[in-house]
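Each remark here refers to the structure printed beneath this line.
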Amino acid sequence: MPDCRARTDFDIQSDVVAELAADVGTASTDVAVSVRDGVVRLGGEVESLAKRTAAVRAAERIRGVHAVVDEIFVQLPTEHRRTDAELAHAVVDALIWDTEVPDKTIKARVQDHWVWLVGEADRQYQRLAAQHAVENITGVAGVTNLVRIKRRPVSPTLKDDIERALARNAMLAPREIDVAVDGGRAVLTGRVGTWRERVHAEEIAWTPSGVTEVDNQLELDH
């Protein structure tokens, strides 16, 4: 039987620390965790952007988390440091070889080991694929994703398509999520049980063709 007790900040902090220790991507990192009113703040230093991303995702999985503040600093080891020119070549190769990244419509700029992605993609999964491809490159300290979703004629069934996608999902089917659509912009309102459900609902809302923006206004049950 599930534990329905209200979770204290100490409960959440303990679980986040345990999750970081158990997660393969973050087990060797030294991440500081503090919690206030269900908001998790992550600090400290890690040696790669991939570990920083993994730490945030691990914290989002914990029940009772209302939001995650990422203040982790990526301190690249000396042996992993590359020049911006070397990183730029690695980024170009990663974008070319990833089959989910659209050819020739996404470009990158590199400065001080930070990568900016610009251009257009047909779908959100392509935009995210470009970001994930770059995040996994050794020597990248951070990524700013400015890739836009191309605007295209919107299906009159877009609202129904999003609602059906949410209803098909086992995690979200029990939740009451309202969907409003204005052109390609989808607005989600209602309540969900966890921060991870909130994030997942936004991911699902992006799946139907024609969505160019998702405004996630979902609130969490307390």
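Under this note's numbering, the residue at position 159 of the sequence shown is numbered 195, and the numbers go up by one with no gaps.
For each residue, glycine too, the CB sits at the ideal point set by N, CA and C.
In this text the structure is predicted, and so the values were computed from the model without any measurement.
8 Å Cβ cutoff met for residue i and residue j
i, j, result
"His102", "Gly61", "no"
"Trp194", "Ala237", "Per the sequence shown, the amino acid found at residue 194 is Leu instead of Trp. It is not a contact, given that the beta carbons lie outside the stated cut-off."
"Val183", "Glu212", "no"
"Val67", "Ala91", "yes"
"Glu96", "Val104", "yes"
"Leu254", "Ile173", "no"
"Ile21", "Val82", "In this structure the chain extends from 37 to 258, so residue 21 is not present and cannot be described."
"Val179", "Val151", "yes"
Among the options, the one whose alpha carbon lies nearest that of residue i
i, options, result
"Val217", "Asp158, Arg227, Glu199 and Thr65", "Glu199"
"Gly219", "Gly229, Gln147 and Arg187", "Arg187"
"Gly226", "Gly80, Thr248 and Leu256", "Leu256"
"Thr141", "Gln147, Ala126, Arg159 and His125", "Arg159"
"Val190", "Ala222, Tyr161 and Asn172", "Ala222"
"Gln175", "Asp47, Val110 and Phe46", "Before going further, note that residue 175 is Gly rather than Gln in the sequence given. Minimum Cα distance to Gly175 is reached at Val110."
"Ala63", "Ala86, Val154 and Thr44", "Ala86"
"Asn252", "Val215, Asp196 and Ala130", "Val215"
Supposed close pair residue i, residue j - CB separation, criterion 8 Å
i, j, result
"Trp242", "Val235", "The Cβ separation is near 11 Å, so there is no contact."
"Leu112", "His168", "The pair is not a contact, with the Cβ atoms about 19 Å apart (cut-off 8 Å)."
"Arg77", "Ser70", "5 Å"
Residue i, enclosing alpha helix (DSSP H) - first and last residue
i, result
"Val170", "Gln160 to Glu171"
"Arg145", "No alpha helix (DSSP H) holds Arg145; the beta strand (DSSP E) holding it covers Ile142 to Gln147."
"Leu112", "Taken as a continuous stretch (DSSP letters only), Leu112 belongs to no alpha helix (DSSP H), as it is neither H nor E."
"Arg200", "Leu194 to Arg204"
"Asp120", "Asp120 to Trp133"
Own chain residues within Cβ distance below 8 Å of residue i, not counting five before or after
i, result
"Ile240", "Ile198, Ala201, Leu202, Asn205 and Leu208"
"Ala165", "Asp134, Glu136 and Val137"
Element boundaries [beta strand (DSSP E), containing residue i]
i, result
"Glu249", "Glu249 to Asn252"
"Glu55", "It is not in any beta strand (DSSP E) - Glu55 instead sits in the alpha helix (DSSP H) that spans Asp45 to Ala58."
"Thr62", "From DSSP, Thr62 is part of no beta strand (DSSP E); its letter is neither H nor E."
Spatial neighbours of residue i in its chain, beta-carbon cut-off 6 Å, leaving aside the 5 residues before and after
i, result
"Val247", "Gly220 and Ala222"
"Lys143", "Val154 and Gly155"
Own chain residues within Cβ distance below 7 Å of residue i, not counting five before or after
i, result
"Arg118", "Gly175"
"Asp47", "Gly100"
"Ala126", "Ile173"
Any chain D beta carbon closer than 8 Å to residue i
i, result
"Ala203", "Protein chain content of the structure displayed is limited to a single chain, and chain D is not contained in it."
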